[in-house]
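Structure first, commentary second.
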Amino acid sequence: MKYLCLIYDDEKKLATMSKDEGDAFMGEYFAFTEGIKQSGHYLGGNALKPVGTATTIRSRAGKVSTTDGPFAETKEQLGGYYLIEARDLNDALQVAAKIPSARTGSVEVRPIEEFS
Amino acid sequence: MDPIREGEGPADAVRQAVDQVYRADSRRVLATLIRLLGDFDRAEEAMHEAFTAAVEQWQREGIPGNPRAWLVSTGRFKAIDALRRRARFDASLADIAAAYETITEPVEWDDQGVDDDRLRLIFTCCHPALTPDAQLALTLREVCGLTTEEIAHAFLTGPSTVAQRIVRAKAKIRDARIPYQVPSRTDLPGRLDVVLHVIYLVFNEGYSASSGASLTRHDLSGEAIRLGRLLVELLPEPEAMGLLALMLLHESRRTARSTSDGEIVLLDEQDRSLWNGALITEGTVLVERALSSRRFGPYALQAAIAAVHAEAQRAADTDWPQIVELYNLLVRIDPSPVIQLNRAAAVAMRDGPAAGLELIDALLATGDLDDYHLAHSARADLCRRLGRTADAKASYERALKLARQEPERRFLARRLRELTEVTE
Numbered sequence: 000m001k002y003l004c005l006i007y008d009d010e011k012k013l014a015t016m017s018k019d020e021g022d023a024f025m026g027e028y029f030a031f032t033e034g035i036k037q038s039g040h041y042l043g044g045n046a047l048k049p050v051g052t053a054t055t056i057r058s059r060a061g062k063v064s065t066t067d068g069p070f071a072e073t074k075e076q077l078g079g080y081y082l083i084e085a086r087d088l089n090d091a092l093q094v095a096a097k098i099p100s101a102r103t104g105s106v107e108v109r110p111i112e113e114f115s
Numbered sequence: 000m001d002p003i004r005e006g007e008g009p010a011d012a013v014r015q016a017v018d019q020v021y022r023a024d025s026r027r028v029l030a031t032l033i034r035l036l037g038d039f040d041r042a043e044e045a046m047h048e049a050f051t052a053a054v055e056q057w058q059r060e061g062i063p064g065n066p067r068a069w070l071v072s073t074g075r076f077k078a079i080d081a082l083r084r085r086a087r088f089d090a091s092l093a094d095i096a097a098a099y100e101t102i103t104e105p106v107e108w109d110d111q112g113v114d115d116d117r118l119r120l121i122f123t124c125c126h127p128a129l130t131p132d133a134q135l136a137l138t139l140r141e142v143c144g145l146t147t148e149e150i151a152h153a154f155l156t157g158p159s160t161v162a163q164r165i166v167r168a169k170a171k172i173r174d175a176r177i178p179y180q181v182p183s184r185t186d187l188p189g190r191l192d193v194v195l196h197v198i199y200l201v202f203n204e205g206y207s208a209s210s211g212a213s214l215t216r217h218d219l220s221g222e223a224i225r226l227g228r229l230l231v232e233l234l235p236e237p238e239a240m241g242l243l244a245l246m247l248l249h250e251s252r253r254t255a256r257s258t259s260d261g262e263i264v265l266l267d268e269q270d271r272s273l274w275n276g277a278l279i280t281e282g283t284v285l286v287e288r289a290l291s292s293r294r295f296g297p298y299a300l301q302a303a304i305a306a307v308h309a310e311a312q313r314a315a316d317t318d319w320p321q322i323v324e325l326y327n328l329l330v331r332i333d334p335s336p337v338i339q340l341n342r343a344a345a346v347a348m349r350d351g352p353a354a355g356l357e358l359i360d361a362l363l364a365t366g367d368l369d370d371y372h373l374a375h376s377a378r379a380d381l382c383r384r385l386g387r388t389a390d391a392k393a394s395y396e397r398a399l400k401l402a403r404q405e406p407e408r409r410f411l412a413r414r415l416r417e418l419t420e421v422t423e
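Here the protein sequences come in this chain order: Y and W. Residue numbering for the first sequence follows numbering that gives the first Met the number 0, starting at 0 and increasing by one per position. Residue numbering for the second sequence follows numbering that gives the first Met the number 0, starting at 0 and increasing by one per position.
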């Protein structure tokens with residue numbers, strides 16, 4: 000079964016890291032990604048540009064409105080995701096718990112809906 | 000086959016036998032069917048159909064040698080039949096039915112396999128991915144076999160709310176694929192904590208209830224103790240034993256802790272001849288087993304404290320130095336303000352009210368316990384004993400403002416009245 004791991008972290012906190020701290024954090028991510036490729040869980044994943052680059056779009060009664068920013072203001076922002084293949088939720092949660100941001104922010108694990 | 004009693008037809012005897020198997024074994028049958036069918040709702044439906052079939056077939060063919068295995072097997076075939084009927088409208092169900100046909104059941108039914116299924120059921124109902132409300136409702140429904148109405152009544156909510164929680168929880172188990180398994184050794188401690196917490200919540204709902212609805216809520220404590228016993232039987236971990244011991248020792252004082260008209264009787268004023276000796280013995284043995292494992296945690300320590308109280312023939316005989324020592328250990332594992340407050344009360348009993356008051360005042364100064372009525376009533380009690388009547392009054396008044404349950408409010412009001420009478 001496929002699960003999407005949505006990674007939420009405080010961008011401001013990440014931005015104030017020193018270069019060494021930032022490198023170490025990125026290093027953890029590279030190691031994590033390598034690890035889940037080895038274990039066969041990895042299907043895909045990306046980091047996202049900061050939330051300031053986000054644009055939200057709505058179409059209502061044929062009228063399109065475009066606004067700056069994400070859908071909701073929160074302390075933690077969606078900063079990236081992994082798409083994984085896991086046996087079940089327990090397996091997926093074990094993978095997600097090792098995502099470095101699980102320690103600094105939070106990770107939401109959502110099963111992928113499969114339309115047959 | 001059970002002997003048929005005189006004056007009863009064979010039909011009655013069979014129906015009684017089925018009822019008896021239902022009471023004793025329906026949860027075991029359900030736990031196994033959930034594993035075989037991979038779906039809570041289908042398993043429940045299959046189980047009920049199997050019991051219905053039993054009433055009819057056991058009359059014709061006699062009661063089978065292993066009724067439980069017969070019910071599981073019949074339940075599985077009933078599930079296949081049901082899926083085949085519905086497959087005429089939804090072709091995808093035929094595949095599931097075909098998959099069910101290939102399930103091989105063990106020829107011999109060993110108790111280990113059945114126990115594993117019951118543990119799977121407990122851990123799945125208490126999965127941390129479910130909300131605490133859902134964990135409670137699902138455990139009481141599936142593991143204890145309570146009806147939705149009974150659960151709603153016990154938690155003072157509507158049946159539709161409870162039903163909705165259970166439906167949502169089952170949907171999440173299915174859609175997010177929460178596996179039907181006992182957690183791995185590495186996950187076990189954390190997952191066991193959730194299970195213990197659910198059982199403890201069920202117990203507390205029954206234990207701290209006000210007198211009005213006490214009859215049904217008392218049943219909740221009984222249900223929690225049954226769950227605790229089941230868990231210790233299936234998974235004899237020290238903390239599971241500790242929790243069961245804690246519940247038994249609290250339960251042993253039930254009749255002594257309130258008067259017939261529902262007024263609170265504090266521990267040191269209780270009629271100790273009303274304590275239930277059998278529960279105390281059972282609890283004490285469990286505490287000792289848990290402590291000797293050296294892997295005990297907060298439940299076993301709290302149970303040990305309750306056991307020290309239970310040992311004392313009179314309140315004055317209480318071994319307060321030992322209780323303080325146990326609190327010292329407990330504070331190290333769980334330094335929460337409430338535990339520190341309880342420790343302070345024990346220190347007051349060992350070293351006198353002034354020593355306890357100093358600790359409580361320091362705790363209150365942190366502000367963490369501002370809204371906790373028991374902190375203010377504890378302070379009031381120590382001030383009262385020190386003859387600081389004005390301080391005592393102020394703290395009782397504060398506690399009274401915060402207390403919610405009627406018996407507690409009446410108790411505080413009584414204390415406040417007594418103080419006023421002394422000063423006047």
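All C-beta atoms in this analysis are idealised placements derived from N, C-alpha and C, irrespective of residue type, glycine included. For clarity, every value in this text was computed on a predicted model and none was experimentally measured.
For isoleucine 177 of chain W and chain Y, any beta-carbon pair shorter than 8 Å?
-> Here residue 177 of chain W corresponds to residue number 178 of the second sequence, with the count starting at 1. Yes, contact with chain Y.
Reference leucine 92 of chain Y, options Y:Ile35, Y:Val108, Y:Val63, Y:Thr52, closest by Cα = As a position in the first sequence, residue 92 of chain Y is number 93, starting the count at 1. Ranking Y:Ile35, Y:Val108, Y:Val63, Y:Thr52 by Cα distance to leucine 92 of chain Y puts Y:Val108 first.
Please work out which residues of its chain come closer than 6 Å, Cβ to Cβ, to arginine 256 of chain W, disregarding the five sequence neighbours upstream and downstream, and give them in chain order.
-> Taking the first residue of the second sequence as 1, we reach residue 256 of chain W at position 257. Counting only Cβ-Cβ distances below 6 Å, and skipping sequence neighbours, we find Val264.
Is the Cβ of leucine 88 of chain Y closer than 8 Å to any Cβ of chain W?
-> The residue you call residue 88 of chain Y lines up with position 89 of the first sequence. Yes - at least one Cβ of chain W is within 8 Å of the one on leucine 88 of chain Y.
In terms of alpha-carbon separation, which member of Y:Tyr7, Y:Gln76, Y:Thr73, Y:Ile35 lies closest to leucine 82 of chain Y?
-> Numbered from 1 along the first sequence, position 83 holds the residue referred to as residue 82 of chain Y. Ranking Y:Tyr7, Y:Gln76, Y:Thr73, Y:Ile35 by Cα distance to leucine 82 of chain Y puts Y:Ile35 first.
Going by beta carbon distance, what residues of the same chain come within less than 6 Å of aspartate 270 of chain W, once the five residues before and after it are set aside?
-> As a first step, residue 270 of chain W must be located in the second sequence, where it is residue number 271. Closer than 6 Å at the Cβ level, and outside the excluded window around aspartate 270 of chain W, lie Ala255.
With DSSP collapsed to three states, give me the class of glutamate 84 of chain Y.
-> For the purposes of this step, residue 84 of chain Y is identified with residue 85 of the first sequence, where counting begins at 1. Correct three-state label for glutamate 84 of chain Y: strand.
For the segment 149 to 162 of chain W and the segment 243 to 253 of chain W, state whether three or more C-beta atom pairs, one from each stretch, are separated by less than 8 Å.
-> no
Going by CA-CA distance only, name the one from W:Asp260, W:Asp192, W:Arg252 that's closest to glycine 227 of chain W.
-> For this step, residue 227 of chain W is matched to residue 228 along the second sequence. Nearest C-alpha to glycine 227 of chain W: W:Asp192.
The segment 46 to 57 of chain W contacting the segment 72 to 80 of chain W, beta-carbon criterion three pairs below 8 Å = yes
Is leucine 300 of chain W near the ligand PLP, going by C-beta to nearest heavy atom under 7 Å?
-> Annotation note on the ligand PLP: not contained in the displayed structure, which lists no ligands.
CA-CA distance, serine 209 of chain W and glutamate 407 of chain W?
-> Here the question's residue 209 of chain W lines up with position 210 in the second sequence. Here the question's residue 407 of chain W lines up with position 408 in the second sequence. Reliability of the predicted coordinates at serine 209 of chain W is poor, the pLDDT of 43 falling under 50, and no value is obtained from them.
At least one CB of chain W closer than 8 Å to the CB of proline 49 of chain Y: is that the case?
-> Numbered from 1 along the first sequence, position 50 holds the residue referred to as residue 49 of chain Y. No, its Cβ sits nowhere closer than 8 Å to a Cβ of chain W.
Can you tell which of W:Ile322, W:His126, W:Arg342 has its C-alpha closest to the C-alpha of glycine 189 of chain W?
-> To locate residue 189 of chain W, count along the second sequence from 1; it is residue 190. The residue with the shortest Cα to Cα distance from glycine 189 of chain W is W:His126.
Put threonine 163 of chain W into one of helix, strand or coil per three-state DSSP.
-> Here residue 163 of chain W is taken as the residue at index 164 of the second sequence, counted from 1. Looking at the sequence shown, residue 163 of chain W is not threonine but glutamine. Helix, per DSSP.
Compare the C-beta of alanine 170 of chain W against all C-beta atoms of chain Y and say whether one is closer than 8 Å.
-> Walking along the second sequence from the start, residue 170 of chain W turns up at place 171. It does not; no Cβ of chain Y falls within 8 Å.
Compile a chain-ordered list of the residues in the segment 128 to 141 of chain W whose CB is closer than 7 Å to at least one CB of chain Y.
-> Ala128
Mind checking if aspartate 11 of chain W is an interface residue toward chain Y, Cβ cutoff 8 Å exclusive?
-> If you number the second sequence from 1, residue 11 of chain W lands on position 12. Output row for aspartate 11 of chain W: interface = no.
Between which two residues does the beta strand (DSSP E) containing asparagine 45 of chain Y stretch?
-> The count along the first sequence starts at 1 and reaches residue 45 of chain Y at position 46. Run containing asparagine 45 of chain Y: 41 to 46, per the beta strand (DSSP E) assignment.
Report yes if the CB atom of leucine 230 of chain W is closer than 8 Å to the CB atom of valine 194 of chain W, and no otherwise.
-> Here the question's residue 230 of chain W lines up with position 231 in the second sequence. Here the question's residue 194 of chain W lines up with position 195 in the second sequence. It is a contact, given that the beta carbons lie within the stated cut-off.
Where does valine 20 of chain Y sit, in a helix, a strand or coil, going by DSSP?
-> Position 21 of the first sequence, counting from 1, holds the residue named residue 20 of chain Y. Here residue 20 of chain Y turns out to be glutamate, not valine, going by the sequence shown. Residue state, collapsed to three classes: helix.
Who are the Cβ neighbours of threonine 54 of chain Y in its own chain at under 8 Å, not counting the five residues just before and after it?
-> Looking up residue 54 of chain Y in the first sequence gives position 55. So the qualifying residues of the chain are Thr65, Thr66, Asp67, Gly68.
For the beta strand (DSSP E) containing serine 259 of chain W, list its first residue and its last residue.
-> Here residue 259 of chain W refers to the residue found at position 260 of the second sequence. That residue, serine 259 of chain W, is in no beta strand (DSSP E); it is neither H nor E in DSSP.
For aspartate 174 of chain W, go through chain Y and note every residue whose CB falls closer than 8 Å to its CB, in chain order.
-> Mapped onto the second sequence, residue 174 of chain W falls at position 175. Chain Y residues near aspartate 174 of chain W: Pro110.
Near glutamate 10 of chain Y, which residues of its chain fall below 8 Å by C-beta distance, leaving aside the five closest residues on each side in sequence?
-> Along the first sequence, one-based indexing puts residue 10 of chain Y at 11. So the list reads Pro49, Val50, Gln76, Gly78, once near-sequence residues are dropped.
Run through DSSP, which three-state label would tyrosine 2 of chain Y get?
-> As a first step, residue 2 of chain Y is located in the first sequence; it is residue number 3 there, counting from the start. If DSSP states are grouped into helix, strand and coil, tyrosine 2 of chain Y belongs with the strands.
Between the CA atoms of aspartate 380 of chain W and methionine 25 of chain Y - distance to the nearest angstrom | Along the first sequence, read from residue 1 onward, the residue named residue 25 of chain Y stands at position 26. Along the second sequence, read from residue 1 onward, the residue named residue 380 of chain W stands at position 381. Looking at the two C-alpha atoms, the distance is approximately 57 Å.
C-alpha distance - alanine 303 of chain W paired with isoleucine 279 of chain W, whole-angstrom precision | Working through the second sequence from its first residue, we reach residue 303 of chain W at position 304. Working through the second sequence from its first residue, we reach residue 279 of chain W at position 280. Their Cα atoms are separated by approximately 11 Å.
Could you check what DSSP says for serine 209 of chain W in three-state terms: helix, strand or coil?
-> On the second sequence, position 210 is the one that residue 209 of chain W refers to. Reliability fails at serine 209 of chain W, whose pLDDT of 43 lies under 50, so the model's placement of it is uncertain and no value is given.
Quick one: what does DSSP say proline 110 of chain Y is sitting in, helix, strand or coil?
-> Position 111 of the first sequence, counting from 1, holds the residue named residue 110 of chain Y. DSSP places proline 110 of chain Y in strand when its eight states are reduced to three.
Quick one: is methionine 0 of chain Y near chain W, going by C-beta distance under 8 Å?
-> By 1-based counting over the first sequence, the position of residue 0 of chain Y is 1. Closer than 8 Å to some Cβ of chain W, the Cβ of methionine 0 of chain Y qualifies, so yes.
If we ignore side chains and look at the alpha-carbon of each, how far apart do isoleucine 224 of chain W and tyrosine 21 of chain W end up?
-> As a working mapping, residue 224 of chain W is identified with position 225 in the second sequence. As a working mapping, residue 21 of chain W is identified with position 22 in the second sequence. Between isoleucine 224 of chain W and tyrosine 21 of chain W, the C-alpha separation is close to 20 Å.
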